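Engineer:
Residue numbers (the numbering used here): 427 to 550.
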């Protein structure tokens, strides 16, 4: 997966944790990020996404409304996962339940860390 900092910044996602999927209802790729309020949509520029998809043909193979690209870019980590949308919304639920204050608190980040550790280990 090629997604350098410049391309990430061009997407305009305000946080380092987001998921992208092709929505048949919207007729385009949509982006969401977990927040204490739930899944928050972030509008992305079509040109930016087309450029990223051009460098990563696997993104064109994501099943609409079923699979997502989950991106984790926090504290120097640069990870990308092809997952079921269910996993993305499970992460949203973890953030809603465990996030404390403005920065998430230790418990919030511990849960996020466990979630991604399970993905890395293939136990998600």
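Note that beta-carbon positions come from the ideal geometry of N, C-alpha and C, so glycine has one too.
Model, not experiment: these values are computed from the prediction.
Looking at the structure shown, is residue 555 part of a helix, part of a strand, or coil, going by DSSP?
Structural biologist: For the chain, the structure presents residues 427 to 550; residue 555 sits outside this window and is missing.
Engineer: So is residue 521 buried or exposed if we call it buried at 16+ other beta carbons inside 10 Å?
Structural biologist: What you label residue 521 is simply residue 95 of the chain shown in a count that begins at 1. Result: buried.
Engineer: Using only the alpha-carbon positions, how far apart do residue 468 and residue 493 sit?
Structural biologist: Taking the first residue of the chain shown as 1, we reach residue 468 at position 42. Taking the first residue of the chain shown as 1, we reach residue 493 at position 67. Their backbone Cα atoms lie some 18 Å apart in a straight line.
Engineer: CA-CA distance, residue 433 and residue 482?
Structural biologist: Residue mapping note: residue 433 aligns to position 7 of the chain shown, counting from 1. Residue mapping note: residue 482 aligns to position 56 of the chain shown, counting from 1. So the alpha carbons of these two residues sit roughly 12 Å apart.
Engineer: From what residue to what residue does the beta strand (DSSP E) around residue 549 run?
Structural biologist: Taking the chain shown and counting its residues from 1, the one referred to as residue 549 is at position 123. Neither: residue 549 is in no beta strand (DSSP E) and is coded neither H nor E.
Engineer: What would DSSP say about residue 497, mapped onto helix, strand or coil?
Structural biologist: The sequence position of residue 497 within the chain shown is 71, counting from 1. Strand.
Engineer: By DSSP, does residue 449 sit in helix, in strand, or in coil?
Structural biologist: Within the chain shown, the letter at position 23 stands for residue 449. Note: residue 449 maps to strand in three-state DSSP.
Engineer: Less than 8 Å between the CB atoms is what I'm expecting for residue 478 and residue 485, so what's the real figure, rounded?
Structural biologist: Walking along the chain shown from the start, residue 478 turns up at place 52. Walking along the chain shown from the start, residue 485 turns up at place 59. So it is a contact: roughly 7 Å between Cβ atoms.
Engineer: Taking 8 Å as the threshold (C-beta atoms), are residue 436 and residue 474 in contact?
Structural biologist: Position 48 of the chain shown, counted from the start, is the residue given in the question as residue 474. Position 10 of the chain shown, counted from the start, is the residue given in the question as residue 436. Cβ atoms of residue 474 and residue 436: closer than 8 Å.
Engineer: Taking just the CA atoms, how far does residue 447 sit from residue 490?
Structural biologist: Indexing the chain shown from 1 puts residue 490 at position 64. Indexing the chain shown from 1 puts residue 447 at position 21. Distance between the alpha carbons of residue 490 and residue 447 is about 7 Å.
Engineer: Evaluate residue 528 with the Cβ neighbour count: other Cβ atoms within 10 Å of its Cβ, from every protein chain shown; 16 or more gives buried, anything less gives exposed.
Structural biologist: On the chain shown, position 102 is the one that residue 528 refers to. Label assigned to residue 528: exposed.
Engineer: Please list the segments of the alpha helix (DSSP H) lying wholly inside the stretch 498-545, counting only runs of 4 or more residues, in order along the chain.
Structural biologist: Here the runs fully enclosed are 511-524.
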